[in-house]
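Heads up: the sequence shown is residues 305 to 611, going by the numbering used here.
For every residue, glycine included, the Cβ atom is placed at its ideal position computed from N, Cα and C.
Worksheet: one structure, shown below.
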Amino acid sequence: GMGIDKSNIRYVIHYNLPKNMEAYYQEAGRAGRDGEPSTCILLFSPQDTLIQKYLIAQTVYAPARKKCELEKLQTMVDYAHTTQCLRGFILAYFGEEERPSTCGNCGNCHGQLETVDITEEAEKIFSSIIRMRNPYGVNTIAGVLKGSSTKRLRSLGFDRLSTYGLMKEKTLSEITDLINQLIAEDYLCLSGGEYPVVKLRSKAGAVLKEGQQVWGKTLKRRELTKTTDPLFEQLRVIRKRLADQEGVPPYIVFSDSTLREMARGKPLTSAELLEIKGVGLTKLEKYGEQFLAAINAYLRETKTDCS
């Protein structure tokens, strides 16, 4: 809340999405003013965006001011969905040119979220937008991909599109979240003011035409078992070492899901390693030898232990 003048606040929790980055920065900045580690948590849902848009619409603004307020709100939505370093996102917003690619402290950098390959999902979303011909909003696009049987979608003929129901295994919320992530990462853009529509950016074209990968974020799954896979942990150590050497986040080397598949499948040759999802020719050539050596060494050790 406002008016708190204490230096030792350890938690600031936003129960819903603030209306703009300036408000969020001021409120979150109340944590840890004594220099001690503190936590800022942002809880949000799609409903928050609708509420903020309603409040903006109910306020008497000049058209230019209303447009500006809606753009600021969209920045907050992008912040909530970005896979980038959150500190870096804030610094960029306020015009800071020199900023680290990772801070090591925010939820995106500190391992609370797992970076996953969402190229296939992104291609489906981009293809659907193209086939819908005219620009539509996030919810309409999500409804087509989900295969929602609404009168409006049928009247527009969207139930006859090849992309209709292409993501029926996901919930509407999951699809809209994916679309918002793609907006936050500049694959898509919103335009149109109070009732924005989604359009493709050039980065989306690179995915469709050049096969570029798209990365998204998801909460790490908690393992229900108390036991850990020793090979998986060894592969993580190798990944961390390589990432530190190159000055990149670990997921750039390989995602957790790729390492888990390696630990399960235990590939012994380059051809077998190439079968693992997330391992392409470039990464095989760059990292394959070290990971294959670790897997072979692990199998020799476990065989010796059992004999």
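For residue i, the residue or residues it bridges with in DSSP
{"i": "Lys503", "result": "Cys493"}
{"i": "Thr343", "result": "Tyr315"}
Contact under 8 Å by Cβ, residue i with residue j
{"i": "Ala446", "j": "Thr480", "result": "yes"}
{"i": "Leu457", "j": "Leu470", "result": "no"}
{"i": "Arg545", "j": "Leu563", "result": "no"}
{"i": "Asp382", "j": "Ala488", "result": "yes"}
{"i": "Asn412", "j": "Leu390", "result": "yes"}
{"i": "Gly385", "j": "Gln485", "result": "Reading off the sequence shown, one finds His at residue 385, where the question assumed Gly. Against a cut-off of 8 Å, the Cβ pair of Gln485 and His385 comes out as a contact."}
{"i": "Asn324", "j": "Thr406", "result": "no"}
{"i": "Gln356", "j": "Leu377", "result": "yes"}
{"i": "Lys513", "j": "Tyr491", "result": "no"}
{"i": "Phe348", "j": "Leu374", "result": "no"}
{"i": "Gly551", "j": "Ser574", "result": "no"}
{"i": "Leu578", "j": "Phe595", "result": "no"}
{"i": "Cys344", "j": "Val316", "result": "yes"}
{"i": "Glu427", "j": "Val541", "result": "no"}
Beta-carbon proximity list for residue i, same chain, < 6 Å, skipping 5 on both sides
{"i": "Ile313", "result": "Arg334, Ala335"}
{"i": "Glu425", "result": "Leu482"}
{"i": "Phe393", "result": "Tyr383, Thr386"}
Residues near residue i by beta carbon distance below 7 Å, same chain, minus five either side
{"i": "Lys472", "result": "Lys450, Gly451"}
{"i": "Thr522", "result": "Leu417, Glu418, Val420"}
{"i": "Leu567", "result": "For the record, residue 567 in the displayed sequence is Ala; it is not Leu. Asp533, Leu535, Phe536, Leu539."}
{"i": "Tyr468", "result": "Val448, Gly451, Phe462"}
{"i": "Gly602", "result": "Looking at the sequence itself, residue 602 is Tyr, so the reference to Gly does not match. So the list reads Leu535, Gln538, once near-sequence residues are dropped."}
{"i": "Pro554", "result": "Arg543, Lys544, Ala547"}
Residues near residue i by beta carbon distance below 8 Å, same chain, minus five either side
{"i": "Lys587", "result": "Val557, Phe558"}
{"i": "Ser495", "result": "Pro439, Val501, Lys503"}
{"i": "Tyr328", "result": "His318, Pro322, Leu346, Met380, Tyr383"}
Test: residue i CB closer than 8 Å to a CB of chain C
{"i": "Thr522", "result": "Here chain C cannot be found, since the structure has a single protein chain."}
May I ask you to verify whether the segment 402–418 touches the segment 427–435, counting CB pairs closer than 8 Å and requiring at least 3? no
Report yes or no: do three or more beta-carbon pairs, one from the segment 547–561 and one from the segment 569–585, lie closer than 8 Å? yes
Which full runs of the beta strand (DSSP E) of 3+ residues lie inside the segment 332–390, going along the chain? Counting only runs of at least 3 residues, the segment 332–390 fully encloses the following beta strand (DSSP E) elements, listed from N- to C-terminal order: 343–346.
Which ranges does the alpha helix (DSSP H) cover as unbroken runs of at least 4 residues, wholly within the segment 529–585, from first to last along the chain? 534–550, 554–557, 560–569, 574–578
In chain order, each alpha helix (DSSP H) run of at least 4 residues that lies wholly inside the segment 436–500: 442–450, 455–459, 476–488
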